[in-house]
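Colleague:
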Amino acid sequence: MSPPASSKPLTTKTFDGRQGDFCKDEILVRLIHFWEARNFRQGNALMGVELLLIDTNATTIQGFISANRLFRYKDKLKRNSIYKLSKFVSNPSKKLYRVASHKYGISFTDQTLFVAENAENSEIHTQQFRLRHFEDLASMVDKHTDLFDIV
Numbered sequence: 001m002s003p004p005a006s007s008k009p010l011t012t013k014t015f016d017g018r019q020g021d022f023c024k025d026e027i028l029v030r031l032i033h034f035w036e037a038r039n040f041r042q043g044n045a046l047m048g049v050e051l052l053l054i055d056t057n058a059t060t061i062q063g064f065i066s067a068n069r070l071f072r073y074k075d076k077l078k079r080n081s082i083y084k085l086s087k088f089v090s091n092p093s094k095k096l097y098r099v100a101s102h103k104y105g106i107s108f109t110d111q112t113l114f115v116a117e118n119a120e121n122s123e124i125h126t127q128q129f130r131l132r133h134f135e136d137l138a139s140m141v142d143k144h145t146d147l148f149d150i151v
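In terms of UniProt numbering, the sequence shown opens at residue 1 and continues consecutively.
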């Protein structure tokens with residue numbers, strides 16, 4: 001059975017131009033990856049789930065679903081799937097453990113809608129790569145800022 005699709009046409013709004021407040025706009029996104037965020041200083045307690053999302057302009061942004069809201073979304077999270085996202089909060093990006101270059105990140109609220117779309121032909125990229133010189137990486141060692149995959 002395919003995921004349910006909403007009845008509205010696909011949107012072209014993107015993360016660009018979103019600034020530090022509540023966003024009601026629908027944005028079409030692909031969920032690239034997600035992982036649990038745990039507090040190792042407090043018995044490895046689950047804080048929530050971190051998300052890496054990409055929009056139709058190939059803009060990547062880091063998202064967060066807190067542990068107390070996770071029950072609403074956990075079964076919907078599928079890597080490489082397309083979603084309509086709306087009613088979220090846009091905050092300045094995290095200083096520690098950043099995985100996206102965007103100056104803002106998003107947080108899910110009690111009102112956030114994250115609806116799976118049946119959009120196999122979507123032109124949303126499946127990945128976004130940040131290329132860096134070795135000197136740039138060397139200067140960031142042990143600073144706990146950006147997280148990188150090295151190829």
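Backbone N, C-alpha and C define an ideal beta-carbon position, used for all residues, glycine too.
Source: prediction; values computed, not measured.
For L31, which of N91, K103, V49 and K87 has the nearest alpha-carbon?
Modeller: To locate residue 31, count along the sequence shown from 1; it is residue 31. Minimum Cα distance to L31 is reached at V49.
Colleague: Is it right to say F40 is buried, meaning 16 or more other beta carbons lie within 10 angstroms of its own, or is it exposed?
Modeller: Taking the sequence shown and counting its residues from 1, one reaches residue 40 at position 40. Exposed.
Colleague: Check D75 in the structure and name its three-state DSSP category.
Modeller: In the sequence shown, the residue the question calls residue 75 occupies position 75. Here D75 sits in helix by DSSP.
Colleague: Name the two residues that bound the continuous beta strand (DSSP E) containing L46.
Modeller: The count along the sequence shown starts at 1 and reaches residue 46 at position 46. Run containing L46: A45 to D55, per the beta strand (DSSP E) assignment.
Colleague: For L113, would you say it is in contact with chain C, using Cβ-to-Cβ distances shorter than 9 Å as the test?
Modeller: No chain C is present in this structure, which holds just one protein chain.
Colleague: Sort S90, D75, A45 and E123 by Cα distance to V115 and report the nearest one.
Modeller: Taking the first residue of the sequence shown as 1, we reach residue 115 at position 115. V115 has its Cα closest to that of D75, out of S90, D75, A45 and E123.
Colleague: Kindly indicate the opening and closing residues of the beta strand (DSSP E) around E117.
Modeller: Here residue 117 refers to the residue found at position 117 of the sequence shown. Per DSSP, E117 belongs to the beta strand (DSSP E) from Y104 to E117.
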